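These notes concern the structure reproduced below.
2 protein chains.
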Amino acid sequence: MRLALLGCGTVGSEVVRLLHEQSADLAARIGAPLEIAGIAVRRHGRDRGDLPVDPALFTTDPLALIKSDDVDVVVEMVGGIEPARTWLVEALRAGKSVVTANKALLAEDGGALHDAAAEGGADLYYEASVAGAIPLLRPLRESLHGDRINRVTGIVNGTTNFILSAMDASGAGFAEALEEATELGYAEADPTADVEGFDAAAKAAILASLAFHTRVGAADVYREGITEVTAADMASAKAMGCTIKLLCIAARGADPQGRETVSVRVHPAMIPLSHPLASVGDAFNAVFVEAEAAGQLMFYGRGAGGAPTASAVLGDVVAVARNRLAGARAASESAYADLSVRPMGEALTRYHISLDVADRPGVLASVAGVFARHDVSIATVRQGSAEAGSGRGEDADLVIVTHVAPDAALAATVRELRGLDTVRSVTSVLRVEGGV
Amino acid sequence: MRLALLGCGTVGSEVVRLLHEQSADLAARIGAPLEIAGIAVRRHGRDRGDLPVDPALFTTDPLALIKSDDVDVVVEMVGGIEPARTWLVEALRAGKSVVTANKALLAEDGGALHDAAAEGGADLYYEASVAGAIPLLRPLRESLHGDRINRVTGIVNGTTNFILSAMDASGAGFAEALEEATELGYAEADPTADVEGFDAAAKAAILASLAFHTRVGAADVYREGITEVTAADMASAKAMGCTIKLLCIAARGADPQGRETVSVRVHPAMIPLSHPLASVGDAFNAVFVEAEAAGQLMFYGRGAGGAPTASAVLGDVVAVARNRLAGARAASESAYADLSVRPMGEALTRYHISLDVADRPGVLASVAGVFARHDVSIATVRQGSAEAGSGRGEDADLVIVTHVAPDAALAATVRELRGLDTVRSVTSVLRVEGGV
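Those protein sequences? They're chains A and B, same order as listed.
Numbering-wise, my numbering puts 316 at position 316 of the first sequence, and it's gapless, one number per residue.
Each position in the second sequence, counted from 1, maps to that position plus 1000 in my numbering.
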């Protein structure tokens, strides 16, 4: 079984290393040895002397490698939309099996890959694209196919989870925690893709597609990063027995006509400390799945890093190699349900809102009136908090947690609160998940 | 795609219900409708009026049903060794795909089933046999096949986890907690299989077989139940910042000649509260996997119950049905590694030992001498504890935690300690896992 490896960075070099170290085991599991036909790199000459591989295998011509009759499986570890898309479409159409870790491409134009796979009768596997080594996509795409998934809630970005965990532990603000993450190597020099939620949104699209048998793309995902989460927000969360996590949420719903829909979103949210996701610290990932018959399931592990990602890539390589030897093919894309993706405004969410208000009669009535006008039901109200309410004479703190309502109604409520005479400032607005 | 269902109890009736409710989805996922060809039950006449199924499908002749040309997939939900083994071997040899939840049979004689599957070129799936709905076997048997698993540590029995959680929460003894579990329906009238660890041992054998590519049977598993865990043990654990769980552990090791081996065992053990398994409460299950490249992974969910188990069964049904339609077959048994299973005495474990000793000079020296004679290294010693040590004049408490040593040496150490003059009693002996 001959492999073309595209890319030889952190993940690629780990894959090469594991292919070497575990070659006897892999051959026994597959029933045939795995051999590297070539490794496409951007340029020769970089020092790869420590890799246990013949230097003659490196090439700067990926297309020639992919098209070679000598190649059965193409493993893409380059990332980005182009030229990866062109390469993989070419490979799949030619009937070669593809294993990829490319979440951006899958979220942007997964359809092109799935269509090419169908055309070429080829396998397309991408376990490494979401949550690194955690076996997550195979369970969604196989184990749970006898069940009906209602909701997937995940922590799928290690960088932001490290930052939020640090803010929770030390009371630091976002900028300070980001600096720590950068120093420790948990955040890249340009952290935009992580802290603005782009990375998590791509993964959310992939998870939602599998969970709901519907093509969901990155553009369908509502996205909000963590750059505006403040130390005060984290303190508010703690006062409620909660913490703040950047969650990706894909949930079944219904439109006003009662037709089934899905909503897919990434944003920071308060979750109670008793929720299994609350204790997922550092750069770990975890995904919580709620299914009709199976109930609540959680998958936990390292979401990134060379070795964990390489483990997921090689698991897929073994699977596609076995399929080829058996002359079989894995189940192809399942998108029969074709549900419509609901805009964020229609998603049902809950808000936690902290207000700094004038301490005089009628204030609560005016605030409550705003919620009522937007048809938003209030779950709990607390007035005056120890840290902030005391010693400010004329002011009081008001903390309101709502019941579930359309996100647009909640956002409109907050906008109107900001304009209210009696409201000095809206000190914190956070969505709430996991049953506070 | 025609199914023969064997058994129509808690799991079977839930499978019938889900097949009915989700029929359109299941057909879309498979590419063909699933139909029930027959349901084998022990006797007619039991009231199954609320099941959405034609009563004419019930039969008391399972063999005739299995042999019928009209049947593609046999789903066994009866349990026990015989007659289930005869039925499934018959089905597999005849080339029918088999889905089973029968952990006892798989652990007792999984080889007979795997051999029959190989003979008939048939699929054998059994996700529901371990940890109910938690997708665990498919990850082990597929996702992690590019990796090297070093250790699997699991809480795989809900009844005992409920009992130990209750003991931890309330300080109750075993008998009292068992009574509560029985009242709430978490323990069966005869709880032997659960509380003595037989159920967990069967699951341990299945997990070890998959993780280490080696046939491991129930007889290879060292087994100790929780009936002798006392309230004092739990108090000792708490004093150490730990709790007690019934763990199934399958670990790679080496024999004295340096050859790779596995050890597979089920016993109660102290684990630190910081370990992810410590917070798995009530009747939940969780399995912690340590792999070379993937690092630490955890799978969490409901391990039992009609609906969760039915979810796992139907996931397998969809998989085997798809394979049949594609004319393909899943990877067959992987037992190429054929490692030898180490006896418990050679397994490397750590002990936590509480002693009630005479409070006089030389006692610690004599106790420490026993450990030294058995070549067991002591990690920590604490003398005198608040609850018990005070007010007893001549006595003192000694709590010793060892480093890792062969279990036989640790057991011999305890035996000799019991005979020591200066030791009034050995008040608690527990194995320690998870890095206390």
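Ideal Cβ positions, reconstructed from N, Cα and C, are used throughout, including at glycine.
Treat the numbers as computed from the prediction; the structure is a model and nothing was measured.
(Q) Residues of chain B with CB closer than 7 angstroms to the CB of residue 322/A, please, in chain order. (A) Translated into positions along the first sequence, residue 322/A becomes position 322. Ordered by position in chain B, the residues that pass the 7 angstroms Cβ test against residue 322/A are 1331.
Q. Who does residue 442/A pair with in a DSSP beta bridge?
A. Here chain A comprises residues numbered 1 to 436, so residue 442/A is not present and cannot be evaluated.
**Q.** 8 angstroms CB neighbourhood of residue 13/A in its chain, flanking five on each side removed
**A.** Position 13 of the first sequence, counted from the start, is the residue given in the question as residue 13/A. Excluding positions up to five away in sequence, the list reads 48, 51 and 306.
Q) Nearest to residue 1418/B by alpha carbon, out of 1404/B, 1355/B, 1293/B and 1433/B? A) The residue given as residue 1418/B occupies position 418 in the second sequence. The option with the nearest alpha carbon to residue 1418/B is 1355/B.
Q | Helix, strand or coil at residue 157/A according to DSSP, with G and I counted as helix | A | Sequence index remark: in the first sequence, residue 157/A carries index 157 (1-based). Of the three classes helix, strand and coil, the one that applies to residue 157/A here is coil, per DSSP.
Q: Measure from the C-beta of residue 1336/B to each C-beta in chain A and report whether the shortest distance is under 9 angstroms.
A: By one-based count along the second sequence, residue 1336/B stands at place 336. Yes, contact with chain A.
(Q) So the candidates are 343/A, 227/A, 41/A and 431/A; which of them puts its Cα closest to the Cα of residue 64/A? (A) In the first sequence, residue 64/A corresponds to position 64, counting from 1. The residue with the shortest Cα to Cα distance from residue 64/A is 41/A.
Q.
Determine, for residue 1023/B, whether the minimum Cβ-Cβ distance to residues of chain A falls below 9 angstroms.
A. Taking the first residue of the second sequence as 1, we reach residue 1023/B at position 23. No, its Cβ sits nowhere closer than 9 angstroms to a Cβ of chain A.
Q: Could you spell out where the alpha helix (DSSP H) holding residue 195/A opens and where it closes?
A: The sequence position of residue 195/A within the first sequence is 195, counting from 1. Where residue 195/A is concerned, the enclosing alpha helix (DSSP H) stretches over 192 to 195.
Q | Spatial distance of residue 172/A from residue 1154/B (CA atoms) | A | In the first sequence, residue 172/A corresponds to position 172, counting from 1. In the second sequence, residue 1154/B corresponds to position 154, counting from 1. Looking at the two C-alpha atoms, the distance is approximately 36 angstroms.
Q: Name, in chain order, the residues that DSSP records as bridge partners for residue 244/A.
A: Here residue 244/A refers to the residue found at position 244 of the first sequence. Paired residue(s): 270/A.
Q. Which residues in chain B sit within 9 angstroms of residue 279/A, going by Cβ to Cβ distance?
A. Within the first sequence, the letter at position 279 stands for residue 279/A. Ordered by position in chain B, the residues that pass the 9 angstroms Cβ test against residue 279/A are 1276 and 1279.
Q: Would you mind sorting residue 1365/B into buried or exposed? The rule is 16 or more other CB atoms within 10 Å of its CB.
A: On the second sequence, position 365 is the one that residue 1365/B refers to. It is exposed - the Cβ of residue 1365/B has fewer than 16 other Cβ atoms within 10 Å.
Q.
Considering only their Cβ atoms, is the gap separating residue 377/A from residue 405/A smaller than 9 angstroms?
A. Along the first sequence, one-based indexing puts residue 405/A at 405. Along the first sequence, one-based indexing puts residue 377/A at 377. Against a cut-off of 9 angstroms, the Cβ pair of residue 377/A and residue 405/A comes out as a contact.
Q.
Pairs of beta-carbons, one from the segment 1157 to 1169 of chain B and one from the segment 1279 to 1293 of chain B, closer than 8 angstroms: are there three or more?
A. yes
(Q) Let's see if you can read the secondary structure: which residues bound the alpha helix (DSSP H) around residue 319/A? (A) On the first sequence, residue 319/A is found 319 positions in, with the first residue counted as 1. Note, residue 319/A: alpha helix (DSSP H), 306 to 326.
Q) How big is the Cα-Cα spacing for residue 71/A and residue 1301/B? A) Counting from one through the first sequence, the residue named residue 71/A turns up at place 71. Counting from one through the second sequence, the residue named residue 1301/B turns up at place 301. Straight-line Cα distance between these residues: approximately 41 angstroms.
Q.
Less than 6 angstroms between C-beta atoms, sequence neighbours within five positions excluded: which residues of the same chain meet that for residue 389/A?
A. Counting from 1 along the first sequence, the entry for residue 389/A is found at position 389. For residue 389/A, the pLDDT reaches just 45, beneath the cut-off of 50, and the residue's location in the model is therefore unreliable, although a value from the coordinates is still provided. 396 and 397.
Q.
As an exercise, report each continuous alpha helix (DSSP H) stretch of at least 4 residues that is fully enclosed by the segment 105 to 146 of chain A, in chain order.
A. 137 to 141
Q: Answer yes or no: does any C-beta atom of chain B fall closer than 9 angstroms to that of residue 315/A?
A: In the first sequence, counting from the first residue as 1, residue 315/A sits at position 315. With 9 angstroms as the cut-off, residue 315/A counts as an interface residue toward chain B.
Q: Determine whether the Cβ of residue 114/A lies closer than 9 angstroms to any Cβ atom of chain B.
A: By one-based count along the first sequence, residue 114/A stands at place 114. No, its Cβ sits nowhere closer than 9 angstroms to a Cβ of chain B.
Q. So, helix, strand or coil for residue 214/A, using DSSP?
A. Walking along the first sequence from the start, residue 214/A turns up at place 214. In the structure shown, residue 214/A sits in coil (DSSP, three-state: anything other than H, G, I, E or B).
Q: Measure the alpha-carbon distance for residue 1066/B versus residue 137/A and round it to whole angstroms.
A: Working through the second sequence from its first residue, we reach residue 1066/B at position 66. Working through the first sequence from its first residue, we reach residue 137/A at position 137. About 33 angstroms.
Q | Rounded C-alpha distance that separates residue 387/A from residue 1150/B | A | Residue mapping note: residue 387/A aligns to position 387 of the first sequence, counting from 1. Residue mapping note: residue 1150/B aligns to position 150 of the second sequence, counting from 1. Here residue 387/A scores only 49 on pLDDT, less than 50, and its place in the model should not be relied on; the value that follows carries that caveat. Straight-line Cα distance between these residues: approximately 49 angstroms.
Q: To the nearest angstrom, report how far apart residue 385/A and residue 1103/B are at their CA atoms.
A: For this step, residue 385/A is matched to residue 385 along the first sequence. For this step, residue 1103/B is matched to residue 103 along the second sequence. Bear in mind that a pLDDT of 48 at residue 385/A, under 50, signals an unreliable position, so the number given afterwards is only what the model happens to contain. Near 55 angstroms, if we compare the C-alpha coordinates of residue 1103/B and residue 385/A.
(Q) Whether or not the segment 1304 to 1324 of chain B and the segment 1214 to 1233 of chain B are in contact is what I'm after, with contact meaning three or more pairs of Cβ atoms, one per stretch, closer than 8 angstroms; do they touch? (A) no
Q.
Strictly below 7 angstroms CB to CB, what residues from chain B border residue 318/A?
A. Taking the first sequence and counting its residues from 1, one reaches residue 318/A at position 318. Correct list: 1145 and 1146.
Q: Pick out whichever of 1328/B, 1402/B, 1383/B and 1147/B has its Cα sitting closest to the Cα of residue 1372/B.
A: Position 372 of the second sequence, counting from 1, holds the residue named residue 1372/B. Among 1328/B, 1402/B, 1383/B and 1147/B, the Cα nearest to that of residue 1372/B is on 1402/B.
(Q) Taking the straight line between their C-alpha atoms, what separation do you get for residue 182/A and residue 152/A? (A) For this step, residue 182/A is matched to residue 182 along the first sequence. For this step, residue 152/A is matched to residue 152 along the first sequence. Going from the Cα of residue 182/A to the Cα of residue 152/A covers about 29 angstroms.
Q: For residue 162/A, decide whether its Cβ has a neighbour in chain B, counting only Cβ atoms nearer than 9 angstroms.
A: Counting from one through the first sequence, the residue named residue 162/A turns up at place 162. No, no contact with chain B.
Q.
Give me the subset of the segment 1261 to 1274 of chain B whose CB atoms are less than 8 angstroms from a CB atom of chain A, sorted by chain position.
A. none
Q: Could you tell me which residues DSSP puts in a beta bridge with residue 352/A?
A: Your numbering for residue 352/A matches position 352 in the first sequence. Residue 352/A is bridged to 401/A and 430/A.
**Q.** Contacts that residue 126/A makes with chain B (C-beta to C-beta distance below 8 angstroms)
**A.** Within the first sequence, numbered from 1, the residue matching residue 126/A stands at position 126. Per Cβ cutoff of 8 angstroms: no residues; residue 126/A is ~12 angstroms from chain B at best.
Q) In chain A, what lies closer than 7 angstroms to residue 1186/B by C-beta? A) Walking along the second sequence from the start, residue 1186/B turns up at place 186. Those do not exist, as residue 1186/B stays about 15 angstroms from chain A at its closest Cβ, beyond 7 angstroms.
Q: To the nearest angstrom, report how far apart residue 142/A and residue 1029/B are at their CA atoms.
A: Position 142 of the first sequence holds residue 142/A. Position 29 of the second sequence holds residue 1029/B. C-alpha separation (whole angstroms): 10 angstroms.
Q: Check whether the Cβ of residue 1305/B lies closer than 9 angstroms to any Cβ atom in chain A.
A: Locating residue 1305/B in the second sequence gives position 305, where the first residue counts as 1. With 9 angstroms as the cut-off, residue 1305/B counts as an interface residue toward chain A.
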